[in-house]
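Okay, so the sequence shown: first residue is 1 according to full-length UniProt numbering, each after it adds one.
By construction, the Cβ of each residue, glycine as well, lies at the ideal position given by its N, Cα and C atoms.
This report concerns only the one structure given below.
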Amino acid sequence: MMTHIMFSDYRNPAAEQAYEIAWDFLVRTGAICDEFEACVFLAQRITRMVEEGQTNRIRMANRAISEYQRHVGERDDFIRSGGRRAGRQ
């Protein structure tokens, strides 16, 4: 069972909605392996978007989802390569 950690940013109510949208999508697609890591990642990315002036909850959610998927893919590639960065021998 997944633990759901709440996120809120008093500066922008859409941030909480963006977090919920991103979290729900990632849970439904089975993309979350480490709940705490995912929570921190999404909260940090959405907070950065608020600081950049973003106010559209759908845009923030989509961007957070894309960045999380890219992060997980890069992490998995790094693990599969035995700790070598892409492009290095």
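- By the Cβ test, the stretch 75 to 86 is not in contact with the stretch 38 to 45, since fewer than three Cβ pairs between them sit closer than 8 Å.
- Glu74 and Ala14 have their C-alpha atoms spaced approximately 28 Å apart.
- Burial state of Arg57 is buried, judged by a 10 Å Cβ sphere holding 16 or more other Cβ atoms.
- Taking the Cα positions, Arg45 is about 12 Å away from His71.
- Taking 7 Å as the cut-off, the Cβ atoms of Met60 and Ala18 count as close.
- Burial of Tyr68 is indicated by the presence of at least 16 other C-beta atoms within 10 angstroms of its C-beta.
- Per DSSP, Asp77 is one residue of the alpha helix (DSSP H) stretching across Arg57 to Arg80.
- In this structure, DSSP gives Thr47 a helical state, which the three-state scheme calls helix.
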